[in-house]
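What the sequence shown shows, in the UniProt record's numbering, is residues 1 to 154, in sequence order. All residues carry an ideal CB built from backbone N, CA and C; glycine is no exception. Given the structure is predicted, the values throughout are model-derived calculations rather than measurements. What follows is a short report on a single structure.
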Amino acid sequence: MYPEHTDRAPAVRAPEVHQLTPITPAVTAPAPLVPVQPGTVPAVASIVLPDGRVVTGYAIEPAKPEPVAAKPPVSRAAVNVALGGVGFLAVCGGLLLLTTFITALTALITQLITLAAVIFGGWIAVQVFSASGHKGGTTVNIRKAVIKRNHFHG
Numbered sequence: 001m002y003p004e005h006t007d008r009a010p011a012v013r014a015p016e017v018h019q020l021t022p023i024t025p026a027v028t029a030p031a032p033l034v035p036v037q038p039g040t041v042p043a044v045a046s047i048v049l050p051d052g053r054v055v056t057g058y059a060i061e062p063a064k065p066e067p068v069a070a071k072p073p074v075s076r077a078a079v080n081v082a083l084g085g086v087g088f089l090a091v092c093g094g095l096l097l098l099t100t101f102i103t104a105l106t107a108l109i110t111q112l113i114t115l116a117a118v119i120f121g122g123w124i125a126v127q128v129f130s131a132s133g134h135k136g137g138t139t140v141n142i143r144k145a146v147i148k149r150n151h152f153h154g
């Protein structure tokens, strides 16, 4: 028979407990480098470890940090704001001059129109008032005349 079909209860085993043991890294002094002539880097470098073993491998150049671009003494944003202010002032000055010019031109045109109205009105007034004694039509001075054969001799 199968064990699960038996009348007996299965035996209960005690759980096993495992204790972890931490591994502490061995503190060692840095390995001394094999002396190399200055200015030359060999293709292969060797290091002598403290226990006497020699490790040989390719030399790796240390990563050089990228040169930091020199920052200007004044930020670009400040320069842009200053240039924008100068441009705005120039535009405002130009607009002030433009409005002054338009105002002066308007005054000149108004004065020319007024002058033309006065001159033309004066001319019309002279025409009207000088003809007040004259009734219109043609004036004919009649003298002693001789009329012969329907021909006037004056």
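1) Are the C-beta of Leu-89 and some C-beta of chain D separated by less than 8 angstroms?
2) How far does the alpha helix (DSSP H) with Gly-93 in it reach, from first residue to last?
3) Excluding the 5 residues flanking Thr-99 on each side, which residues of the same chain have their C-beta closer than 7 angstroms to its C-beta?
4) Which residue marks the beginning of the beta strand (DSSP E) containing Gly-57, and which one marks its end?
5) Would you mind stating whether Val-44 and Gly-57 have Cβ atoms separated by less than 8 angstroms?
6) When the Cα atoms are used, what is the spatial distance from Glu-61 to Gln-19?
7) For Ala-63, list the residues DSSP reports as bridge partners.
8) What residue does the beta strand (DSSP E) around Ala-45 start on, and which one ends it?
9) Using the C-alpha atoms, what's the distance from Ile-113 back to Gln-127?
For this structure:
1) Protein chain content of the structure displayed is limited to a single chain, and chain D is not contained in it.
2) Taken as a continuous stretch (DSSP letters only), the alpha helix (DSSP H) holding Gly-93 covers 76-130.
3) No residues qualify anywhere along the chain.
4) 54-58 is the extent of the beta strand (DSSP E) around Gly-57.
5) With contacts defined by Cβ atoms closer than 8 angstroms, Val-44 and Gly-57 form a contacting pair.
6) Each residue's Cα considered, the two are about 44 angstroms apart.
7) Under DSSP, no beta-bridge partner is assigned to Ala-63.
8) Boundaries of the beta strand (DSSP E) around Ala-45: 44-48.
9) If you draw a straight line from the Cα of Gln-127 to the Cα of Ile-113, it is about 21 angstroms long.
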